[in-house]
Amino acid sequence: MTTENRSLRNAGHVEEGHFEKILGGGEFAGNPLLAEYQLLHGEYSALKHRVDTLNRDKQILQTQLVEMNRSLDLSTRIDPMTGLANRRDIMEKIEREYSRSQRHQRTFSVMLVDLDNFKQINDAHGYNDGDDVLVEVARVLMSCVRNEDVCARWGGEEFLFLLTETAIEGAVTLARKVLEAISMTEFKANRPGIRITASIGLCEYQEGQSINDCIANADQALRKAKLEGKNRFVVAA
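Mapping to the numbering used here: the sequence shown position 196 is 675, numbers consecutive.
Listed below in structure tokens is the structure:
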């Protein structure tokens, strides 16, 4: 509590004590001004109650404003369909990981995942079922990663992973896990029997690379995986 607030509170106690002394009678009994004091005390009490209520309302509104700002910030970082991080969010986290790697000479890897022949699902079952498949894929992907990793919807049916403090060997292990998890899952999407595969491009950050270079190399590796027959991963050269 600030000195100013403490002084105001103490002043309030003095005023209350003064009113109580007057209203209690004693030496003021029969004073013709007693009725006016009683009226003044009533007005003071009502005003004090109103101020207290306004202060409580102000605190509630301030808390709500903080929560609204937090929710608004979160909504700009989350893909609304899948609930995964969006492109903006993962790029900011990759930039932080990049800075950390520069300071502490640590590595990290990125992994780009693209669902194979996804257009055929949209054409055969409709876009709503296609969206449902993406939501289910997101759940499968999240089940494969560590808490410290980031999985984001990169765009369309593409997903980007940031694997913190992970060399290429660890990224390869995760890629195998993701390929198996996706291919073994029967995606319901309101109808049984939808099965899909994915192709993956991997890149471990190398000293001297930019973030864009690292992601571009993962994208080139992904394209190579597609050309080699899909349902596989390729490590960037």
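By construction, the Cβ of each residue, glycine as well, lies at the ideal position given by its N, Cα and C atoms.
The beta carbon of residue 649 sits closer than 8 Å to the beta carbons of 588 and 642 from its chain, once the five residues preceding and following it are set aside; these are given in chain order.
Residue 682 and residue 593 have their C-alpha atoms roughly 15 Å apart. Residue pairing from DSSP places residue 683 in a beta bridge opposite 588.
Taking 8 Å as the cut-off, the Cβ atoms of residue 604 and residue 675 do not count as close.
Counting along the chain, no beta strand (DSSP E) covers residue 616; the unbroken alpha helix (DSSP H) around it starts and ends at 606–621. Membership of residue 637 in any alpha helix (DSSP H) is not indicated; the residue belongs instead to the beta strand (DSSP E) covering 637–642. In this structure, the beta-carbon distance from residue 684 to residue 561 does not fall below 8 Å.
Residue 575 places its beta carbon 8 Å or farther from that of residue 567. Between residue 686 and the set 546, 564, 584 and 559, the nearest pair of CA atoms involves 584. Residue nearest to residue 595 within the set 632, 647, 546 and 662 is 662 (criterion: CA-CA distance). For residue 595, the three-state secondary structure derived from DSSP is coil.
Residue 612 and residue 600 do touch by the CB rule: their CB atoms are close to 6 Å apart, below 8 Å. Considering only 609, 680 and 659, the residue with the shortest C-alpha distance to residue 640 is 680. A Cβ-Cβ separation of about 5 Å places residue 569 in contact with residue 629 under the 8 Å criterion.
Between the alpha carbons of residue 632 and residue 540 lies a distance of about 34 Å. For residue 632, the pairing in a beta bridge is given by DSSP as 638. Residue 677 places its beta carbon less than 8 Å from that of residue 658.
The C-alpha of residue 544 is placed about 45 Å away from the C-alpha of residue 700. Between residue 621 and residue 697, the CB-CB gap reaches or exceeds 8 Å.
If you draw a straight line from the Cα of residue 692 to the Cα of residue 578, it comes to about 15 Å. Distances from the CA of residue 656 to each of 625, 636, 635 and 634 were compared; the closest alpha carbon is that of 625. Under the DSSP assignment, residue 713 falls in the beta strand (DSSP E) whose first and last residues are 712–714.
DSSP, read as helix, strand or coil, puts residue 525 in helix.
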